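What the sequence shown shows, in the working numbering, is residues 200 to 510, in sequence order. No residue lacks a Cβ here, since even glycine has one placed at the ideal position from N, Cα and C. Note that the structure is predicted; figures quoted are calculated from it, not measured. Written below as structure tokens is the structure these notes are about.
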Amino acid sequence: MSNSNVPASTQSLSSKSQQLTDEIEVFRIIPQKQRRTVGPFCFVDHFGPTPPSTHLTFDVAPHPHIGLQTLSYLWQGQILHLDSLGSKQWLKPGQCNLMTAGKGISHAEVIPEEDAKKMELHGVQLWLALPPEQMNTAPDFVHVSELPKVEVGSYQGLVILGALEKLEVPVEVKSPCVAFDLKSEEQDAKGTIQLETEFEYLVYVVASKNDNILINGVATAAHNGVYLATNTDKLEIAGAGHVLVLGGTPYPENLRMFWNFVATSNEDLYDAANRWNEGDSIFGTVKDYPKYGKGPERLMSPEPPLSFKKP
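Set out below in structure tokens:
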């Protein structure tokens, strides 16, 4: 998506949509050809909202990760997180789950059959690439049950990660970054935020009451976003709607991704995929999954390209 009226320090981005299930549509804004990362954020999936009075099917069987942190955040519904550390945690609106994969973890996300009746689901899943020197850190899981409320002009929302307006989320992030969402029903809503000039940002429009929201003067429709380069000192939002703002210092290396794995070399991706498929114990076992899910014991990785392998 290009726009000749967009300043050189910004970039308009369009999401791509796909059906995760019959009821759940997913909009992916990064990675894409135009922009692979924003700060440490290397994957942004917006899912839902699902139609009301729908019987949901949501059962993501055990699968692995390396080299990243996953952050799950909901506006509607609830999801049960299970992982190989033994974590068992419901996620509800106004909360967040932050899982550090590091050298290896496996997890599942489920809405058990008895809880799926007539539930509406709406949220995001974000991946944050770990700094190169921390790719092999120990896995971890943290749940935040109450996030700080923030008000910016006509907009209200929550700080999801990092710090904003002297508010801070009490979880450890491995790279300097921030995530927050803002919403207003007012047609003439306006809000201005002073930005960290060493950060780059993605402002993603979750929903707009009219056709567009103005992001630093750029008209942006729902499910699209605006990238703001470093040295941008402020964010100006105008219009009724809902935005998700992500930012951080640019990732220092050429990041590589394959399936659910993140690394700084193709060799590490090749190794991770094969170790998972061979049942390597470094990823652990999601022991509680059979109690709640009906999928396979573990999802298998696609075969990585032979070109990833060391000569």
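Check: Rounded distance between the beta-carbons of L273 and K291, thought under 8 Å; Outcome: 7 Å
Check: Exposure of D467, with buried meaning 16 or more beta-carbon neighbours within 10 Å; Outcome: buried
Check: Outcome for S500 when other beta-carbon atoms lying within 10 angstroms are tallied against a minimum of 16; Outcome: buried
Check: Nearest-angstrom Cα separation, counted from K302 out to Q355; Outcome: 37 Å
Check: Length-filtered (3 minimum) beta strand (DSSP E) runs lying within the region 344-424; Outcome: 348-351, 354-360, 376-383, 389-393, 399-407, 412-414, 417-419
Check: Buried versus exposed, by CB contacts within 10 Å (16 or more), S211; Outcome: buried
Check: Close Cβ partners of Y469 (< 6 Å) along its chain, the five nearest in sequence each way excluded; Outcome: P503, F507, K508
Check: A391, buried or exposed, once every other Cβ within 10 Å from all chains shown has been counted against 16; Outcome: Note on identity: in this sequence residue 391 is Thr, with Ala being the wrong assignment. Looking at its Cβ environment, which holds fewer than 16 other Cβ atoms inside 10 Å, T391 is exposed.
Check: Length of the line joining the Cα atoms of L181 and L505; Outcome: The structure shown does not extend to residue 181, since the chain spans only 200 to 510, so no value can be given for it.
Check: Rounded straight-line distance, which links the Cα of G266 to that of N335; Outcome: 7 Å
Check: Status (buried if at least 16 other CB within 10 Å, exposed otherwise) for M200; Outcome: The predicted model places M200 with a pLDDT of 44, which falls under 50 and marks its position as unreliable; any figure quoted below should be read in that light. So M200 counts as exposed.
Check: Identity of the residue in F240, K348, G446, D221 nearest M456 by Cα; Outcome: F240
Check: Alpha-carbon to alpha-carbon, T448 and S480; Outcome: 34 Å
Check: Enclosing alpha helix (DSSP H) for F489 [first to last residue]; Outcome: The sequence given here has Pro at residue 489, not Phe. Run containing P489: 488-491, per the alpha helix (DSSP H) assignment.
Check: Straight-line gap, I278 to E224 (C-alpha atoms, nearest Å); Outcome: 16 Å
Check: Limits of the beta strand (DSSP E) - the one that A328 falls within; Outcome: 321-328
Check: Strand pairing of D339, partner residues [DSSP]; Outcome: T299
Check: Closest residue to L376 among G440, P248, G238 (Cα-Cα distance); Outcome: Checking the displayed sequence, the identity of residue 376 turns out to be Cys instead of Leu. Closest option to C376, Cα to Cα, is G238.
Check: Cut-off 7 Å between Cβ atoms - residues of its own chain near Q233, not counting five sequence neighbours on either side; Outcome: Q210, L212
Check: D244 - containing beta strand (DSSP E), residue span; Outcome: 240-246
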